[in-house]
Structure formats: structure tokens, C-alpha cells
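Asks: Sharing a structure, written as C-alpha cells. Questions coming.
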Amino acid sequence: MLLLDYQNVLIQSLLTERFSGAPPVSIDQVVSDFDNVAFHVSTPETKSKILISIAVKCYKELLQYGAQEVLEREYGTYIVSPEAGYDFSVLIDLDNLPADQEAREDLVRRVSLLKRNAMAAPFERAFADFARRQEEASKFTSESAPEGVREGGEVMAIHYRDEEAIYIKASHDRVTVIFSTIFREETDRVFGKVFLQEFVDARRRAIQNAPQVLFRNEPPLELQGVRGLADGTNGEVGYVTFVLFPRHLTLQRRQETISHIQTFRDYFHYHIKASKAYIHSRMRRRTADFLQVLNRARPENEEKERKTASGRTFRVQG
Amino acid sequence: MASQTPAVVIDNGTGFSKLGFAGNDSPSFVFPTAIATKGGPGGAGGSGSGRPAVANKPSFLTGGTGSGGALSSKRGTEDLDFFIGDEALAAASGPGYGIHYPVRHGQVENWDYMERFWSNSIFKYLRVEPEDHYFLLTEPPLNPPENRENTAEIMFESFNCAGLYIAVQAVLALAASWTSSKVSDRSLTGTVIDSGDGVTHVIPVAEGYVIGSSIKSIPIAGRDITYFVQSLLRDRGEADSSLKTAERVKEEYCYVCPDIVKEFSRFDREPDRFLKHTVTSPNGRSVTVDVGYERFLAPEIFFNPEIYSSDFLTPLPTVVDGVIQSSPIDVRRGLYKNIVLSGGSTLYKDFGRRLQRDIKHMVDARIRASEVRSGGKKSGGLEVQVVTHKRQRHGPWFGGSLLGQTPEFRSYCHTKAEYDEIGPSIVRRFNLIGGPGST
Chain A
1 MLLLDYQNVL IQSLLTERFS GAPPVSIDQV VSDFDNVAFH VSTPETKSKI
51 LISIAVKCYK ELLQYGAQEV LEREYGTYIV SPEAGYDFSV LIDLDNLPAD
101 QEAREDLVRR VSLLKRNAMA APFERAFADF ARRQEEASKF TSESAPEGVR
151 EGGEVMAIHY RDEEAIYIKA SHDRVTVIFS TIFREETDRV FGKVFLQEFV
201 DARRRAIQNA PQVLFRNEPP LELQGVRGLA DGTNGEVGYV TFVLFPRHLT
251 LQRRQETISH IQTFRDYFHY HIKASKAYIH SRMRRRTADF LQVLNRARPE
301 NEEKERKTAS GRTFRVQG
Chain S
1 MASQTPAVVI DNGTGFSKLG FAGNDSPSFV FPTAIATKGG PGGAGGSGSG
51 RPAVANKPSF LTGGTGSGGA LSSKRGTEDL DFFIGDEALA AASGPGYGIH
101 YPVRHGQVEN WDYMERFWSN SIFKYLRVEP EDHYFLLTEP PLNPPENREN
151 TAEIMFESFN CAGLYIAVQA VLALAASWTS SKVSDRSLTG TVIDSGDGVT
201 HVIPVAEGYV IGSSIKSIPI AGRDITYFVQ SLLRDRGEAD SSLKTAERVK
251 EEYCYVCPDI VKEFSRFDRE PDRFLKHTVT SPNGRSVTVD VGYERFLAPE
301 IFFNPEIYSS DFLTPLPTVV DGVIQSSPID VRRGLYKNIV LSGGSTLYKD
351 FGRRLQRDIK HMVDARIRAS EVRSGGKKSG GLEVQVVTHK RQRHGPWFGG
401 SLLGQTPEFR SYCHTKAEYD EIGPSIVRRF NLIGGPGST
């Protein structure tokens, strides 16, 4: 498994099973997803009505950036007023499902992408903003452009974890996405650095189409004027900047780009952990090999103390 | 942390792994503890192929096979090319992948596979960042402390999980029985009968501690019942006697009867007790299979093993009685009073009732004999109670979920900071949740 899935596997498998016509059962499960997102899947009234609620830490910020519209577009008539303690709910009536199989599968897919869609709003807004600015900027040459066009829009901040955030900024020729990352663990920081260096180098080496990646410990220039930034003097905090170029932002690619970039942090941490697992297995293997060598390294004919029948020993006079 | 994230409860059994979050009443995922990796299935010892090869082997090490040498230049992601659970079974049926079972007899055998199995369970299925969650893992009784330390090393060093608690499955099964209405006091003393697919264990637990010297296991469990049903179907020459059909018949129709002889005559008197089972094969054809005496004969092999096997002949109630009799005398009363069932093979209807009756017979006979020997003294009697409850199937997991949602759970865990301070030996001791002195 190289990439993480975008959808929640539990919701997906659960709905697929329910939709397949299995006898209705009552469900009541609270499950987590990455980044402190919590889902509550339940059947509060009857067994045929499944309520799926999501709680996102930064939902207020997402609402500011237009999450409501995105969710309404995706879920339309399934939306119900949010359950207490949660931010957003959809209700699926098993007796009232779309008739054909494809529409059902599509519904399962959409619901299992609930977290992704909720987080997608600021990205979509930034991409739309980018398109508008590109349009505007095409009227000017680079020298004559007025101040407002060259500079780009304001920075949208999503504090999706307690100490980490995503910052998105749209300009006329690119969209910049900045992740602030934090490493509690010394080892992880080292691994992280190696990985990020690979990201930075990837563009130089093989994949010319990749977005440009920058990594530094101080807040990058784009974030000037944003309050509450941790500075990376002790090396714990790092800022990873993705520069998305117009070719990543074409209409066909947008959704894919959003899905990919959202999972960046989890992807990153998953791979740090997977490489540790890999190194551990090599360590185990090597230890086993060394043990073999040690076992082989017994002296060939060990000098044994020889005794007479009465228990006396002979000592060589030296 | 703003709101407490639910603890992750993982119960890795020999056959199936149960994964989920504390507070739920059923695991989110139940799938085989299997991992499929590139390359053929590894040797039985698990110390050879299948593991990633060590690069740049020093020359003095390359003796004989030298399987590792050519891999030194590999910088790819071969180590991530694997599947777990149901996907592993699917992948292994195709070419290129070999299947491995990292847990044998309840204990982790291959830590490389287990580490990757956990990695995939956490990131792909549960989708949690381990740094945000506390983990509750289970271990079989008599698990060596080294295995615990290995588990802790992986959990803390690879995954940086926030906190860890490792509980004994039998103790969790006792905790799961607290949901039953028959249980009045929440004690952690009792006898656990854990019958899964491969083997059945009878484990006495006193005040949350397993009495290791008295554990008995019985080589009769779910798989044997399936084989027995299959052999009965074969003997009758049914149209379909595959293992899968036998398993379906076992799960859907079997029950425990109070007396075989009476049950036989009852079947002869009431012909509607014979049922028909319809098997639909993937190609759409369907055949019907008669279901007869195996309905009560199959689970009967627990009580009369001689009808199935010729080398193991002790009935389950006798084993349970023996286990309790070999335990310290001061806990026997508690052990008889709280006999808890756990695992899929204890789900037959009236299984608990029959077991209780048989044990009770044995105990009463013994009391009567000693009354006679003592010359007319009267005994106060002994209470025998077998507890059946709704959560039996995933008993240990559910017990973990119950304990994991209690507010004090986190204070029982060892945290990452403590691990860094003391080292792996810290997990040799855990305080008992819900044990004496906690409430």
C-alpha cells in the first residue's frame, strides 16, 4: 500500500453491506479517522435509517471557506440537521435508495468521502480564486500589473490539528499550500527530513510535472503577517510548501489534486512509520545472522579438566 | 488535547483479528490474521524467505544460500507490497503472493509480519494517527514477557502510540460477562471457557490474575465440529458435503440437547425436526441438503468426545471440574460460581445450560460422597453457574472495549514518555483495570 485511501473504509464496507439487501440491523458506532475526525454511524429511529455524523476540529474555519456549499453540492437531499455534538450529518433511508446499482455505489463512495469533502472547501475556493486571478492577470504584462493582481489573495488557514495547520494561498499563476508539521520524536524528525529532501529532489530528478516542494524551519514568506505561527528555532516545527502550477489546477485534475494533497500529512507519517518497520525487520534479520556467526564461533576442542577416578586433577607444571 | 480520542482496541487471535474503538459494542473490523507478501509462502519456521533481505552482507556472512546479496541495490518499496485480512486471502489465491499467519497458537511468531500487519490495520483500516490514540492490545494467558516487550517496542518505537495497555484475553472475557444480567458483582474471578476455531482453553482467573498452572486445553474446537458435520453429511451421501456447507449447517442449525438418546427418539417422533438446507453455488445452481441428527450430534462432541475422536476422551464438563479442583482451594467457590463462555464455538443454543447441569451433577455427587464419609454432616452446597451473554462471540474484544472507555483507563496505560524513561521492561507489569482496589 503506497498511497492511503481517501475514503473511510468502515463507512464504505458498512454501507455496501447494508445496500446489498442484508436484513436491517441496528448500528451504533463511533469511529475515528485521521486528524481527530470522529464519525458516528447510528440508526436512531428505525433500523432502515442510517445517520452518519462527522465531527471535524476545524469545522468553523471550514464553514468560513464555504464548506456548506461543497457539502450541499455533494450530499444534497441527504443532509439533515447535525446531531448534537457533531458538525454535519447525513441520513440515508434504506427503503428509499436509488434504484440502479451504479447510483448506489456512487452514493456509498460519496458518503465514505465525507471527511475529504468537508476538508475540500478551502481548496476549491482557492482554485476558483486562482482561475479568476489568472483571467485577470492575462490582461496585463508582468511589469504593468497592478499591485493587487501580482500579490495574490489572502492566506486561508485551517487548523486541522492541535498544533498543525494548512495554509492555502491563491495567486495568479499558482496556488501555494503550506503544511506546518511538528515532530515530537527525534527519530521521526530525521526520517521526516530525509523524506522531505526526496520530495524536494523528485522534481529535479525524474518527475518534471510534480509540484514544487520546499521545506524549511522558518515560516515561509507567504505566511508573513499570519499570527500565531510557531517558529522553528528548535527544529521541531517545519513548513512544507507545495506550489501547485496551473497544470495541476485544470478542471479535470482538481478533485484528484485535492484528494492527494489532503492526505499528505497522514501519508508522510505513514511512510515514516513504514520505513521504521522496514529497518526493524532488517535489524532482526541481521541480529539473527550475527547470532548464527556467534554460535559457529565455538572453540574447536575445548580444554577440559581431566580428573582421576578419585577426583584429583593433574596440573601441567609450567 | 481538546476532546479525548477513543482508545483503539485490537485483539489479534490465531484465526481472526478484531479491531475497533473502545465504547462500541462490536468491533469495526473482523478479518483473518493473515498477511500476503510477494514471493512464495515462507518456511514453517518463519526465519528464512519472506523477510526483506539485508543489504551489503559482510563477506563472512554469505555462507550457503546467499539469498540477500542481489537485493542490496534495491531502493524500491517492496516492503509495502503486501495485503492483510480478507484482501490477503484474495491476493494469495492469485499468483505472486504467498500467505503467512503471523500468530500461531495465540502467540506472535513472526514479528516482521506482525509489525506490518499492525501498520496496515492502523493506517488502512482504522485510519488513526497512533500518536493521538491510546491502544489496548490483548495477549493469550501464559504469554512470555519477552513477547510483551516486543509488542511494546513495536507499538512505541515504530508507531509512537500515545499509550499502551496489554490485557490478558481471559480477563477481558470475564469483563465482557459483566453485561449479563446473571452477573451481580463485577468480580474478576471466574473460569473462562474460550473456544475458538483451533483449540479450546479452560482458564481459571482469580482476582484478575490467571492461575497458569491450572490451565487446560482441549483439542476440540470449531474446526473439529465442522469436520464432524462434514463427515456425517458424507456418510449419508448428501449432494453437497463441502467444508463450507458443513460450516453453514453448523452455524445455522446446531444446538445442544439435554440427552442424546431422548433426542434421537424425539427426532423419530417429530419428523418436522429434520430440516432442509439449500446451497446455492456461485454458478446459480442450487441443491438441497438434508439436515438431521447432526443438529444436536455436532456440539455433542464437547460432552461425549468419543463419538468424534479416539485419542481425546475427556468430556468438557470433567475438564472444567478438574481445572477448578486443581486451583487453590480458597478461590474454587468463586470459580464454580462464575464460569464464563467466550468465543464462537460456545454460541450453540443451550450450551451453557448443559454445561452447568453436567458440572452441577459432578459437584453434587462429590458433596454427597463426602457427606456420607463424614457420617451424616450436612454440606452447605456449592453454587455452579455458567454465564452466557450476548457478547460471547467477540468476548475479549468487547471486554477491552468496555474497559477502554472507562475514564480511568488512561491512568492504567503506560505512556510513551514512561516507555522512553524506563524501556521495554515497563510493560512487564500493568495494573489491573477493574481489579481489586480500583473502584
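As they're listed, the protein sequences go chains A and S.
Following UniProt numbering, the numbering of the first sequence begins with 1 at its first residue and continues without gaps.
Following UniProt numbering, the numbering of the second sequence begins with 1 at its first residue and continues without gaps.
By construction, the Cβ of each residue, glycine as well, lies at the ideal position given by its N, Cα and C atoms.
(1) Which residue or residues does DSSP assign as beta-bridge partners of S:Gly-98?
(2) Would you say S:Leu-136 and S:Gly-400 are within 7 Å of each other, going by their C-beta atoms?
(3) Excluding the 5 residues preceding and the 5 following S:Arg-410 in the sequence, name in chain order all residues of the same chain whose CB lies nearer than 7 Å to its CB.
(4) Return the chain-ordered ranges of every alpha helix (DSSP H) run that is complete within the segment 214–262 of chain S and spans a minimum of 4 residues.
(5) Say whether chain S places a C-beta atom closer than 7 Å to the C-beta of A:Ser-180.
(6) With distances taken between CB atoms, is the gap from S:Val-202 to S:Ile-193 smaller than 7 Å?
(7) Against chain A, with Cβ distances strictly below 7 Å, would S:Asn-12 count as a contact?
(8) Give me the chain A residues within the contact set of S:Pro-6, using Cβ-Cβ distance strictly less than 7 Å, ordered along the chain.
(9) Please check the pair S:Phe-16 and S:Ala-176, which I expect to be a contact at CB under 8 Å, by giving their CB distance rounded to whole angstroms.
(10) Of all Cβ atoms in chain A, is any one closer than 7 Å to the Cβ of S:Asn-160?
(11) What distance in whole Å lies between the Cβ atoms of S:Lys-216 and S:Gly-98, which are believed to be in contact at a cut-off of 8 Å?
(12) Could you tell me the distance, in whole angstroms, from the CA atom of A:Met-156 to the CA atom of A:Val-175?
(13) Would S:Gly-375 be called buried (16 or more neighbouring beta carbons within 10 Å of its own) or exposed?
(14) At the 7 Å Cβ level, is S:Arg-393 part of the contact set with chain A, yes or no?
(15) Does the beta-carbon of S:Ile-166 have 16 or more other beta-carbons within 10 angstroms, so that it is buried, or is it exposed?
(16) Name the one or two DSSP bridge partners that A:Gln-212 has.
(17) Counting pairs of beta carbons, one from the segment 249–261 of chain S and one from the segment 340–358 of chain S, are three or more of them closer than 8 Å?
(18) Counting contacts by CB-CB distance shorter than 7 Å, is S:Phe-302 in contact with chain A?
(19) If the cut is a Cβ gap below 8 Å, which residues of chain A does S:Gly-124 touch?
(20) If contact means a Cβ-Cβ distance below 9 Å, which residues of the segment 323–340 of chain S contact chain A?
(21) To the nearest angstrom, how far is it from the Cα of A:Val-80 to the Cα of S:Thr-14?
(22) What is the rounded straight-line gap between the Cα of A:Gly-66 and the Cα of A:Arg-253?
(23) How long is the line joining the alpha carbons of S:Pro-52 and A:Arg-284, rounded to whole angstroms?
(24) Would you kindly report the start and end of the unbroken beta strand (DSSP E) that includes residue 441 of chain S?
(25) Return helix, strand or coil for A:Arg-161, following the three-state DSSP convention.
(26) Quick one: which chain A residues come within Cβ less than 8 Å of S:Val-128?
(27) How long is the line joining the alpha carbons of S:Glu-115 and A:Ala-277, rounded to whole angstroms?
(28) Who are S:Asp-79's beta bridge partners in DSSP?
(29) Kindly indicate the opening and closing residues of the beta strand (DSSP E) around S:His-201.
(30) Within the 7 Å Cβ cut-off, does A:Tyr-86 reach chain S?
(31) Per DSSP, what kind of secondary structure is S:Val-54 in: helix, strand or coil?
(32) I'd like to know if S:Ser-345 contacts chain A, where contact means its C-beta is closer than 7 Å to some C-beta of that chain.
(33) Find the nearest neighbour of S:Lys-416 within the set S:Asn-12, S:Thr-138 and S:Ala-152, judged by alpha-carbon distance.
(34) S:Ala-22 bridges to which residues according to DSSP?
(35) Compute the beta-carbon to beta-carbon distance between A:Phe-179 and A:Val-240, rounded to the nearest angstrom, for a pair I have assumed lies under 8 Å.
(36) When you compare the CB positions of A:Pro-219 and A:Ile-168, do they come within less than 7 Å of one another, or not?
Replies: Let's see:
(1) DSSP, once it has assigned bridges, lists S:Thr-37 as partnering S:Gly-98.
(2) In contact: S:Leu-136 and S:Gly-400 (Cβ atoms closer than 7 Å).
(3) Cβ within range, chain order: Tyr-134 and Gly-163.
(4) Counting only runs of 4 or more, we get 222–236 and 243–253.
(5) No, A:Ser-180 lies away from the interface with chain S (no Cβ there is under 7 Å from its Cβ).
(6) In this structure, S:Ile-193 lies closer than 7 Å to S:Val-202 by Cβ.
(7) No, because no Cβ of chain A sits closer than 7 Å to the Cβ of S:Asn-12.
(8) Within chain A, the C-beta atoms nearer than 7 Å to that of S:Pro-6 come from Val-30 and Ser-32, in chain order.
(9) The pair is not a contact, with the Cβ atoms about 16 Å apart (cut-off 8 Å).
(10) Interface residue, yes.
(11) That pair is no contact at about 35 Å.
(12) Between A:Met-156 and A:Val-175, the C-alpha separation is close to 11 Å.
(13) Around the beta carbon of S:Gly-375, fewer than 16 other beta carbons lie within 10 angstroms, which makes this residue exposed.
(14) Not closer than 7 Å to any Cβ of chain A, the Cβ of S:Arg-393 fails to qualify, so no.
(15) A buried status is given to S:Ile-166, since no fewer than 16 other beta-carbon atoms sit within 10 Å of its beta-carbon.
(16) Partner(s): A:Val-243.
(17) Put simply, the segment 249–261 of chain S touches the segment 340–358 of chain S. At least three CB pairs are less than 8 Å apart.
(18) For S:Phe-302, the answer is no, since every Cβ of chain A falls outside 7 Å of its Cβ.
(19) Reading off the sequence, residue 124 of chain S comes out as Lys, not Gly. Ordered by position in chain A, the residues that pass the 8 Å Cβ test against S:Lys-124 are Met-1, Leu-4, Asp-5 and Val-9.
(20) Of all residues in the segment 323–340 of chain S, none has a Cβ within less than 9 Å of some Cβ in chain A.
(21) When only Cα atoms are considered, A:Val-80 and S:Thr-14 end up about 43 Å apart.
(22) Roughly 20 Å between the two C-alpha positions.
(23) Unreliable positioning characterises S:Pro-52 in this predicted model, as indicated by a pLDDT of 47, which lies under 50. The coordinate reading is nonetheless provided below. Cα to Cα, the separation comes out at about 10 Å.
(24) Residue 441 of chain S lies beyond the residue range present for chain S, which begins at 1 and ends at 439; the question has no answer from this structure.
(25) Looking at A:Arg-161 - three-state DSSP - the assignment turns out to be coil, as it is neither helix nor strand.
(26) Those within 8 Å of S:Val-128 in chain A are Ser-32, Asp-33 and Phe-34.
(27) Near 6 Å, if we compare the C-alpha coordinates of A:Ala-277 and S:Glu-115.
(28) S:Asp-79 is bridged by DSSP to nothing; it lacks a bridge partner.
(29) In the DSSP annotation of this structure, the continuous segment of the beta strand (DSSP E) that includes S:His-201 starts and ends at 200–206.
(30) Cβ-Cβ to chain S under 7 Å: no for A:Tyr-86.
(31) At S:Val-54 the pLDDT is 46, less than 50, meaning the model places this residue with poor confidence; the figure from the coordinates comes in the next sentence. Reduced to three states, the DSSP call for S:Val-54 is coil.
(32) Any Cβ of chain A closer than 7 Å to the Cβ of S:Ser-345 would place that residue at the interface, and such an atom is absent.
(33) When each option's Cα is compared against that of S:Lys-416, the closest is S:Ala-152.
(34) Note: S:Ala-22 sits in no beta bridge, so no partner.
(35) With a Cβ gap of about 5 Å, A:Phe-179 and A:Val-240 count as contacting.
(36) In this structure, A:Ile-168 does not lie closer than 7 Å to A:Pro-219 by Cβ.
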